[in-house]
Amino acid sequence: MRAAAKTPVLTGKTILVTGATSGIGRAAAVKLSGAGATVFAHGRSPEKTDALAAAIGAVPVVADFARLDDVRRLAGDVLRRAGRLDAVLHNAGSFHARRTITGDGFEATFQTNYLAPFLLQSLLQGLVAGTAGSRIVVTSSIASHLGRVDLEDLQRSRSPYRGLSAYAYTKLLDVLFVAELRRRLAGTTTTAVAVHPGFVGSHFGSGTLLPSFFYRIPVKKRYLLGLFINTVDEGAEPLVWLATHADREDVDHPYFSRFRAVDGPAVAGDEALARELWRRTETLLEPWLG
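Under our numbering, the first residue of the sequence shown carries the number 14, and numbering increases by one thereafter.
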């Protein structure tokens, strides 16, 4: 296991971390703030978000990704208060064991893990692209290799719902989102990457291919820490490294497994698929993008 990457001094940098009140998002926010960055720490709970911000000197921003109006307000808040945005860590996500439909009419895992970060990035893109050397880091998962995309059924309403399958699918959508975003950013100094942070011993129970083993039997993940399960601090390290590493060439790759640039999940016709997925996603989000 690679030793912790040294974080450079980040004084003068502004970074947004979504899902910052727990797990690897919280660990990343703490590390970035400790290195001198102005951190916009996002959370769903106002109480937890305010408490974190007070503890580390961050700027609290609150939004429930199950409500896309909240995501618009979050973007507007950041745009009003930040003169630059050196990095966005799209880390917030959820896992639903049963099919749930949000008030916006979308399947909840699809909305929180894919539509919400897509909308947020779209609304912030001008500020991000206008900040030289900016980075966009999307937390994906090795589970993305299990995902399958049907453009005619993006919410998988025709298939029986399985929590892990829905999660894996959204993590694949995130990888395709990054692929198309990278194409659109060609020729700029902004870099977009997706990253599998490794198996992490957090309360988030879906980032493994074997949830029935690791998360549902009475084996505590803490007994596996240091073997092939990372602590939350270790899980945050590749996100922070990708967002702050000085050498752009080292992090200019579509997909990382922790610190290694590797091939992402194989998808037939992935470039054309990523473009068409982007187009259809924008159509779904028209009421919130306008």
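The C-beta atom is built at its ideal place from N, Cα and C for all residues, glycine as well.
When you compare each of A256, A100, L177 and T20 to T122 by their alpha carbons, which one comes out closest?
L177
Could you pull out every residue in the same chain whose Cβ sits closer than 6 Å to the Cβ of L98, ignoring the five residues on either side in sequence?
T27, L140, V141 and T144
Which one of F131, A88, S35 and G89 has the shortest CA to CA distance from D63?
S35
Assess, as a yes-or-no matter, whether the segment 46-62 is touched by the segment 109-116 under the definition of 3 or more beta carbon pairs within less than 8 Å.
no
Helix, strand or coil: which one does DSSP assign to H158?
helix
Please state whether DSSP places G239 in a helix, a strand or coil.
Note that G239 scores a pLDDT of 41, beneath 50, so its modelled location is shaky and nothing firm can be said.
Just tell me which of P173, A285 and L252 has its CA closest to the CA of K44.
L252
When you compare the CB positions of V84 and A54, do they come within less than 8 Å of one another, or not?
no
Residues that F53 bridges to, as DSSP identifies them
L29 and V72
Between I37 and G248, which are expected to be in contact by the criterion C-beta below 8 Å, what is the C-beta distance as a whole number of angstroms?
4 Å
Host beta strand (DSSP E) of F100 (start-end)
Just to set this straight, residue 100 is Ala in the shown sequence, not Phe. Segment A100 to H103, the beta strand (DSSP E) holding A100.
Check whether the segment 199-208 and the segment 162-182 touch, using three or more Cβ-Cβ pairs below 8 Å as the test.
no
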